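Heads up: the sequence shown begins at 1 in the UniProt record's numbering, then just goes up one per residue. Beta carbons: idealized from backbone N, C-alpha and C, even for Gly. Given the structure is predicted, the values throughout are model-derived calculations rather than measurements. Below is one structure, written out as C-alpha cells; the observations come after it.
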Amino acid sequence: MLPVRYSDAMKDAPAHLVLKLDTDEPIELGAFVGAFTSIGNELERFVGERYPDFKGKAEFYVREVRAGCVEADIIPLLGSGMMFALSQAESLMLVEDFVRRWGSRIQSFVRRDRAAQPDTKAEVKDYLNAVVAIANDPNAASSLSAAVFEDGKREIKIGFQFTSEEAREAIAAIEDRRAQEKKDDDHSKIHHRVLMVFTRSDISDVGVGKPSGERVLISEISDRPLALMYGADLAAERIKHEIRDADDNLYKKGFVVDVRVQAPNGRPVAYAVMEVHEVIHLPEE
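Below, the structure written as C-alpha cells:
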C-alpha cells in the first residue's frame, strides 16, 4: 500500500505533532531513527488505549532539514492508512493529550519519579531511545508540539521540550531502574534445597500466597528471620502437619525446601515455600 501523501494527510487531519531536534553536533544514524520510532511506538499505544477497536499508527513527514535542526510532522492514523474520523476539536485534543503524556513521562525519568514512569520494558526502551539522540550533544534540545492549521497558518497549541542535560539524567535513571529490576529478578529466583528452621510458628491455616504469621531462618540466604508464605498447597500441608500433628519439637527440626525470595526493593522480606523435600532433626547444640 502506498503511503499517504503529505497534502492529503494535512487536509484530512489538520491536528498533528511536530518533532524538532536542535543540535550542535551530528546525530548518530541509529539514535536519529530511534527518536522517531520511539514516538511512533508510544503514539500507537496511546491511540490504542483511546480507541481499542482500531489499530493506530503514525506517519512521519520530514518537513525541514538544515544545519543543526531537523523538523518533522507526525500524523496519527487509524487502521490501514485511513485518517481518524474525528472532528478537528477531537483530533486536537488527542495530540495535545499525547504531548502532555510524552512530556510527563520524560520528566518522570529526569525526576526519578518511579510511580509516574511507564511499567513495561518495551515502553522504557522507547523512552530511552527518545532521549539518546541528543544526550551526547553538549547543547541540544528535543521538542514535541501539538499543532493545527488555522486559516492556512500553523498554530502551536501545546509543547514540551527537554535538553541534552535532562536527556543524560533520564538515561542514568533508566539504567539505574534496569539494574534494580535485574537485582529484584535475581532475588526472586527459586533457591533449591536450602535448610529452613522455624523461629515462630502458627497452627492456623492460611491461603497460598498470603502471610502466615510465621517466621523462619534460612542462613544460606539471610542472617535474619523472615516472614513465611506458602507458594504451594502441598508444601503448606506438609509443614502444617509437622507443626500440629508431630510429637517432637518443631524448633529442633530443619526443613529442606525450595523457596522463592520475596524482595520488592532488592531486600529480602519473606520466603514463599514451593516444595518440601525432607524434614530432618537438627543436632543438639
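If I follow the unbroken alpha helix (DSSP H) through residue i, where does it start and stop?
i      : result
GLU150 : No alpha helix (DSSP H) contains GLU150, which is instead part of the beta strand (DSSP E) from 141-150.
ASP258 : First-last for ASP258: 253-262, but that is the beta strand (DSSP E), not the alpha helix (DSSP H).
LEU234 : 233-244
What three-state label does DSSP hand residue i in the structure shown?
i      : result
ILE280 : strand
LYS121 : helix
GLY34  : helix
ARG111 : coil
SER91  : helix
PHE46  : helix
MET83  : Since pLDDT at MET83 reaches only 46, below the 50 mark, its modelled position is unreliable, and the value read off the structure follows with that caveat. DSSP places MET83 in strand when its eight states are reduced to three.
VAL65  : strand
ASP126 : helix
Nearest CA to the CA of residue i: which residue from the options?
i      : options                           : result
ALA15  : GLY68, ILE158 and VAL132          : ILE158
ASN63  : VAL18, ILE280, SER142 and GLY34   : It should be pointed out that residue 63 corresponds to Arg in this sequence rather than to Asn. When each option's Cα is compared against that of ARG63, the closest is VAL18.
PRO26  : ALA146, VAL65 and GLU90           : VAL65
GLU278 : LYS189, ARG238, ASP202 and ASP205 : ARG238
LEU92  : ILE75, SER38 and ILE280           : ILE75
Taking its Cβ as the centre, do 16 or more other Cβ atoms sit within 10 Å of residue i, making it buried, or is it exposed?
i      : result
SER87  : exposed
GLY81  : Caution is warranted here: a pLDDT of 44 is assigned to GLY81, below 50, making its placement in the model unreliable, and the coordinate value is therefore given only provisionally. GLY81 should be labelled exposed.
GLN180 : exposed
ARG105 : buried
VAL208 : exposed
Taking the beta strand (DSSP E) that residue i belongs to, which residues open and close that run?
i      : result
LYS226 : A small correction: the amino acid at residue 226 is Leu; Lys does not occupy that position in the sequence shown. 226-230 is the span of the beta strand (DSSP E), which, as asked, contains LEU226.
LYS20  : 16-22
LYS153 : 153-163
VAL216 : 211-217
PHE198 : 190-200
Inset, instruction - May I ask you to verify whether the segment 40-51 touches the segment 133-146, counting CB pairs closer than 8 Å and requiring at least 3? - result: no
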